[in-house]
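Here the sequence shown is numbered in the working numbering, starting from 11 and rising by one per residue. Positions of the beta carbon are idealized from the N, C-alpha and C atoms, including for glycine.
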Amino acid sequence: MGENLEIEVFWSFRSPWSYLATKRLRDWQENYQLTVRFRPVYPIAVRTPEFFHNVQPQWFSYFRTDVFRVAEFLQRPFVWPNPDPVVQTIDADGLRQTGNEQPFISRLTSLGILAEEQGKGIEFADEVSMLIWGGTPNWHQGDLLAQATARAGLNLLAMEGRLDAEADRLEAAIQNNQLAHDKAGHWGVPTCVYQGEPFFGQDRLDVLLWRLDKDGLNTD
C-alpha cells in the first residue's frame, strides 16, 4: 500500500460550480488513497462585491444557461437555492449589491471550517451543498441542515455551540484559507491544488485525476 496523495480544494457554499464538483471529490477520497483537504472561502460576491458591476452584459444569462446545462450533463439535481446563501439586492441601476449582513454564508463557511477540523470537510460540503442546490426549498429551516450534517457524520448542534465562542478564530481560519487560495494561483472556486499546481473549475477535475494517476494514485 502506498501513501495517500493529498489535494486541497478552495470552495464556496454559494458556488454552483463548487457543488457540481463536490460529489466527485468525495468519491475520490472514498475510493482512492487520496486526502481531500477542504478549505472553504467566502464567495466572490462577499470577497469582491464590485465584481458583478463590471461583467459583460451577457454574463448572467450565459452563466445561468451553462450551469443548468452542466448539471444536466453530470446528472446532478440543480435548482437555484431558496434562500440564496448570499443576501443581495438589485438597485435602481440594475446592479447587484451585497448586503452588509450575511447570516447564511458566514454561518455555513464557519461550519465548514469546523467540519474540516473534525476530518469531515468534504463530506459536510457534499451533503450541505446538495441540500442548498439540489432543490430543497427553505433549506435553512427546521432540522434540514442538522440532517445533512448528520449524514456527513457530524453533529450540527455541537458545532453551532462553538460558533459564537470561537468566532474570531474561525474568521481568521477563513481569511487564512483565502490567503492560501490567492497564493495558489487562482481567484475562483472550486480551485483544487496539487503540489502547488492549481486546477480551476469542475471541468478540470479529469485533468487533475490524470495528474494524480501519473503520480501513482492507488485505489483503496
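Local conformation of P93 per DSSP, three classes: In the structure shown, P93 sits in coil (DSSP, three-state: anything other than H, G, I, E or B).
Presumed contact (8 angstroms Cβ cut-off) between R24 and I115, rounded CB distance: The Cβ separation is near 6 angstroms, so the contact holds.
Under 8 angstroms between C-beta atoms of P50 and I132: No; because the gap between Cβ atoms is not below 8 angstroms, this pair is not in contact.
Taking the straight line between their C-alpha atoms, what separation do you get for D223 and F83? Approximately 24 angstroms, taken between the alpha carbons.
Pairing CB atoms from the region 162-173 with CB atoms from the region 191-200, are three or more of them under 8 angstroms? Contact between the region 162-173 and the region 191-200 is absent, because fewer than three Cβ pairs lie under 8 angstroms.
Let me check understanding here. Comparing Cα to Cα, which of A135, H63, W27 lies closest to R36? Ranking the options by Cα distance to R36, first place goes to A135.
Which first and last residues belong to the beta strand (DSSP E) in which T201 is found? Start and end: 201-204.
Who does F48 pair with in a DSSP beta bridge? Paired residues: V19.
For P208, which beta-bridge partners are listed by DSSP? Note: P208 sits in a beta bridge opposite V203.
Ignore the nearest five residues each way along the sequence and tell me which others in D158's own chain have a CB closer than 6 angstroms to its CB. The question names Asp, but residue 158 in the sequence shown is Ala. Hits under 6 angstroms: E137, V138, L141.
Once you ignore the five residues that flank W38 on each side, which residues in its own chain have a CB closer than 6 angstroms to its CB? Cβ contact annotation for W38 (same chain, cutoff 6 angstroms, sequence separation greater than five): L44, in chain order.
By alpha-carbon positions, which one of A183, Q107, W69, E18 ends up nearest to F48? For F48, the nearest C-alpha among the options comes from E18.
How should E40 be labelled, buried or exposed, when 16 other C-beta atoms within 10 angstroms of its C-beta is the threshold for buried? Of the residues assessed, E40 falls on the exposed side of the cut-off, its CB having fewer than 16 other CB atoms within 10 angstroms.
Do you know whose CA, among N64, V97, Q107, T119, lies nearest Q188's CA? When each option's Cα is compared against that of Q188, the closest is T119.
Assuming T99 is part of the alpha helix (DSSP H), what are its boundary residues? Per DSSP, T99 belongs to no alpha helix (DSSP H); it is in the beta strand (DSSP E), 98-100.
So, F20 versus H191, is the Cβ gap smaller than 8 angstroms? Closer than 8 angstroms, so yes.
Exposure of V46, with buried meaning 16 or more beta-carbon neighbours within 10 Å: Buried is the call here.
If you reduce the DSSP assignment to three classes, tell me which class T146 lands in. Collapsing the DSSP output to three states places T146 in coil.
Three-state secondary structure (DSSP) of T108: For T108, the three-state secondary structure derived from DSSP is strand.
Helix, strand or coil, according to DSSP, for T229 in the structure here? Reduced to three states, the DSSP call for T229 is strand.
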